[in-house]
Amino acid sequence: MTEQATKTEVSVSQLRCIGCGRTALPDRFRCETCRDLLEIIYPGWDGRGPYGLGAASLKKLWLDRRSSFEPADVSGVWRFREILPEISEDKIITIREGNTPLYELPHCAQSAGIKYLFAKHQGMNPTGSFKDTGMTTAASFARAAGYKWVACASTGNTSASMAAYAARGGLHSLVLIPDGKISWGKLSQSLDYGAITCQLKTDFDGCVRVLNEVVERMPVYLLNSVNPYRVEGQKTAAFELLEQRGWEPPDHIIVPGGNLANSSAIGKALREMKELGFISRTPKISVIQAEGANPLVRSVRENGGEKLIPVHAETMATAIRIGNPASWKKALRVIRETGGTVEQVSEVEIALAKAEIGAEGVGCEPASAVTLAGLKKLVKQGFVSPNETVVLVLTGHTLKDADFTLKFHRGDLFSGTPYDEESKGLKPYQRSPLVLEPSVDAVIDLLKSAGT
Ligand code: F0G
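Everything in the sequence shown is counted per my numbering, starting at 5 for the first residue and increasing by one.
Here you go:
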């Protein structure tokens, strides 16, 4: 540690039910009284900030840690450990997650009709998705609590991440994923990292149902995003984003919505930053879903968000192919508190946005591209104005789903689907690989026809 913070006597963190508000709950995932999800609160901050440190001291402490080589300081999550539940440093499992880049996307900005567009690329984490930031915290607490086994249901990224952290921490891991409809990249990661990987003949929501019972009966620790320690780690992405912007909040943050934990985490971070005096205004957080996996959008439009309308989810953006999101209430609270909104985008809009992000030399997986596709709609509706600054949260790396990208460029992504006709407009963005004779002239002719 580059600087030792002084500890107070007060217990730093507690679990609180998001429904009935009961506090100091035992270490579970749902309230035993009302069955709602739990969240971590910090009574130990006690109006004076973590360990009595104010915003200015914390900003300096966190920046100083960037020149340290200690594992907990090198981690872009544990570098912010004052705003996380307490754990002894020898229990931390880290693969040097976080510290992800913030890129400007000038061409995508132009395409969306705004001036200032940035991408916080969480796909640049060690296993290629934002899940690592929450997995380092939850897996560390699992190990600290003495668990030998961890498990998750997943559309791919959570499983890849969990398998990696379990392996690094000497834990066994069990993965339940839908049979088919997850990318090979993600599946291959969990195999490589040594998880017991089961492909269940159901979708993600079916995998969750099975796993919830398994963890009731077996001494296995659940690492899905209902685990409040996951949310705490994922919070740090927003702290890091604000640090990268010199603590100047953007006007909008746009997040893809699946199980809806990430939007909740980013919102929680901003709420805490405001309370602790890091920022004076909060960006609007908006959540974008795929049209075929739109339970939050439907619920907001059809019943004002009173009640979740689960759907049978279908989308090529397999990471967000989720019909019954666990954290919908937390996400809705964030959207309302910050004045954000929800929107849905079509399969063709997702494919186009993904190609545009790729053409910036950045790239992302399909689920992340819903953010740009959604932004375009929000600009057209006037919800985002041309002079406002927007940050898209790109959640997964482009190599996570290379199959999607290859099919897109070969022009057969939508063949035989109802989107075949609509997808004809994507032609100018497709760059199919060219097969040539091994001749210098053939390559030179090609260069000339390309405008050299
Ligand atoms: N983007 C990617 C790349 C994802 O993998 C996920 C979720 C999301 C967005 C949505 O985030 O669930 O917090 O709203 N993936 C899950 C998984 C659920 O199992 O990997 P969310």
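Where a beta carbon is used, it is the ideal one built from N, C-alpha and C, also for glycine.
The DSSP-derived three-state label of Arg-34 is strand. Exclusion of the five residues before and after Ala-359 leaves Tyr-433 as the residues of its chain whose Cβ lies within less than 6 Å of its Cβ. Excluding its 5 nearest sequence neighbours in each direction, Glu-101 has C-beta neighbours in its own chain below 7 Å: Ser-79, Gly-80, Val-81, Asn-129, Pro-130, Asp-136, Thr-137, Thr-140, listed in chain order. The three-state reading of DSSP puts Gly-138 in helix, counting H, G and I together. Distance from the C-beta of Leu-264 to the nearest heavy atom of ligand 1 is below 7 Å. Rounded to the nearest whole angstrom, the C-alpha separation of Leu-430 and Leu-356 is 7 Å. Look at the beta carbons and you see the stretch 45–64 not touching the stretch 110–125: under three pairs across the two are nearer than 8 Å. DSSP, read as helix, strand or coil, puts Pro-260 in strand. Using a Cβ-Cβ distance cut-off of 8 Å, the stretch 305–322 and the stretch 199–215 are in contact, since at least three pairs of beta carbons, one from each stretch, lie closer than that value. Beta bridge pairing from DSSP links His-176 with Trp-153. For Arg-20, the pairing in a beta bridge is given by DSSP as Glu-43.
Between the alpha carbons of Asp-50 and Ala-294 lies a distance of about 41 Å. Linking Ala-406 to Pro-260 through their CA atoms gives a straight-line distance of about 19 Å. In terms of Cβ geometry, Ile-292 and Val-374 form a close pair [threshold 8 Å]. Asn-216 has its CB no nearer than 7 Å to any heavy atom of ligand 1. Counting along the chain, no alpha helix (DSSP H) covers Tyr-433, and no H or E run does either. When the beta-carbon positions are compared, Ile-44 and Pro-232 come within less than 8 Å of each other. The C-beta distance from Ala-123 to Leu-398 rounds to 5 Å, short enough to fall under 8 Å. Shown here for Gly-415: same chain residues with a beta carbon closer than 7 Å to its own, the five before and five after excluded, namely Gln-434, Ser-436 in chain order.
With a threshold of 16 other beta carbon atoms within 10 Å, Phe-282 meets it and is buried. Burial of Gly-271 is indicated by the presence of at least 16 other C-beta atoms within 10 angstroms of its C-beta.
Annotation for Val-395: the continuous beta strand (DSSP E) segment containing it runs 393–398.
Excluding the 5 residues flanking it on each side, Trp-251 has same chain C-beta neighbours closer than 8 Å at Lys-63, Phe-282, Ile-283, in chain order. Beta-bridge pairing by DSSP links Val-315 to no other residue. For Gly-237, the CB contacts under 6 Å within the same chain, skipping 5 residues up- and downstream, are Val-81, Thr-137, Gly-138, Thr-140, Thr-141 in chain order. Under DSSP, Glu-108 takes part in a beta bridge, and its partners are Phe-122.
As computed with DSSP, Ile-292 is found in a beta bridge with Pro-260, Glu-347. For Tyr-233, the enclosing alpha helix (DSSP H) begins and ends at 232–248. Put simply, the stretch 262–271 does not touch the stretch 105–113. Fewer than three CB pairs are less than 8 Å apart. The stretch 149–159 makes contact with the stretch 167–182: 3 or more CB pairs, one atom from each, lie closer than 8 Å. Within the chosen limit of 7 Å, ligand 1 reaches the beta carbon of Asn-161 through at least one heavy atom. DSSP places Leu-300 in the uninterrupted alpha helix (DSSP H) bounded by 299–307.
Three or more Cβ pairs closer than 8 Å define a contact, and the stretch 215–228 falls short of that threshold against the stretch 188–196. Comparing alpha-carbon positions, the option among Asp-94, Lys-333, Glu-347, Trp-153 lying closest to Glu-310 turns out to be Lys-333.
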